[in-house]
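Right, one structure below, let's go through it.
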């Protein structure tokens, strides 16, 4: 899968994406990260990519012409009009389902904004989708683009060595992950739960499901509202709620006292 990134800071890429799992995916040509310098598509000697906003106001706005030309160059390079995403606080919030959906595409163009935003005509002419990482402000769209690429890349077959791994990640199944342990068995007087040492696979699986559900209920109960739980998981969830209620009754504590950390 290719990622064409329209940016005024092309040297930021691949950046951290050149390391670890995405780094291996780049070397194996499972993904292609292609930063495109918007300044190369300006037509004035100063390479200006921004100008004052019509109607007045603080800051500068990115001009439409260079971005449009850069986008057309990407389309010519790929031989198609690619799916195009603008990284903006006004977009729909990026999540695991969206990462999986986008990973089915041949490629993606990501437009990284700066200053006070991008001329509205870019949105009208070339943008298919707008994505936000959350309700906060960053300097530009480059860091969000990296996060989007990383999340999508994990969903591409062959990128993660064990193909079961990304499907067990937090949020993939509408719940947080269960606690993980490795050697040593004891550290700072904290021991690995005995069930994980038992070799009893069905008991381990049940323990993990219960811990994942308990953690999700405590930290992100909203994820469980529309979760597609199998019968065993529904039973475990009821069991957890009963245990929580009993614990609160005994301790006289509040909701936060029973969070599984």
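Residue numbers (full-length UniProt numbering): 1 to 261. Glycine residues also receive a C-beta, built at the ideal position from the N, C-alpha and C atoms.
Residue i vs residue j beta-carbon contact at 7 Å
{"i": "residue 35", "j": "residue 64", "result": "no"}
{"i": "residue 159", "j": "residue 129", "result": "no"}
{"i": "residue 116", "j": "residue 59", "result": "yes"}
{"i": "residue 6", "j": "residue 38", "result": "yes"}
{"i": "residue 155", "j": "residue 17", "result": "no"}
{"i": "residue 112", "j": "residue 87", "result": "yes"}
{"i": "residue 137", "j": "residue 71", "result": "no"}
{"i": "residue 304", "j": "residue 195", "result": "Nothing can be reported for residue 304, as the shown portion of the chain is limited to 1 through 261."}
{"i": "residue 211", "j": "residue 181", "result": "no"}
{"i": "residue 142", "j": "residue 12", "result": "yes"}
{"i": "residue 4", "j": "residue 74", "result": "yes"}
Integer Cβ distance of residue i from residue j, believed to fall under 8 Å
{"i": "residue 108", "j": "residue 102", "result": "6 Å"}
{"i": "residue 213", "j": "residue 183", "result": "With 8 Å as the limit, residue 213 and residue 183 do not qualify as a contact, their Cβ atoms being about 27 Å apart."}
{"i": "residue 68", "j": "residue 122", "result": "7 Å"}
Limits of the unbroken alpha helix (DSSP H) element including residue i
{"i": "residue 68", "result": "64–78"}
{"i": "residue 26", "result": "20–27"}
{"i": "residue 146", "result": "142–153"}
Straight-line gap, residue i to residue j (C-alpha atoms, nearest Å)
{"i": "residue 47", "j": "residue 40", "result": "7 Å"}
{"i": "residue 14", "j": "residue 240", "result": "44 Å"}
{"i": "residue 216", "j": "residue 135", "result": "22 Å"}
{"i": "residue 224", "j": "residue 151", "result": "22 Å"}
{"i": "residue 235", "j": "residue 245", "result": "15 Å"}
{"i": "residue 149", "j": "residue 62", "result": "23 Å"}
{"i": "residue 49", "j": "residue 105", "result": "29 Å"}
{"i": "residue 95", "j": "residue 89", "result": "14 Å"}
{"i": "residue 243", "j": "residue 81", "result": "55 Å"}
{"i": "residue 22", "j": "residue 83", "result": "21 Å"}
{"i": "residue 28", "j": "residue 78", "result": "20 Å"}
{"i": "residue 97", "j": "residue 119", "result": "29 Å"}
{"i": "residue 140", "j": "residue 198", "result": "50 Å"}
{"i": "residue 153", "j": "residue 93", "result": "18 Å"}
{"i": "residue 131", "j": "residue 91", "result": "4 Å"}
{"i": "residue 218", "j": "residue 193", "result": "20 Å"}
{"i": "residue 221", "j": "residue 66", "result": "45 Å"}
{"i": "residue 26", "j": "residue 1", "result": "10 Å"}
{"i": "residue 45", "j": "residue 114", "result": "21 Å"}
Terminal residues of the beta strand (DSSP E) in which residue i lies
{"i": "residue 35", "result": "32–37"}
{"i": "residue 3", "result": "2–7"}
Output the residue ranges of the alpha helix (DSSP H) runs that lie fully inside the segment 184–245 and measure 4 residues or longer, sorted by chain position. 201–219
Runs of beta strand (DSSP E) wholly within the segment 75–142 (minimum 3 residues, chain order): 83–93, 107–112, 129–132
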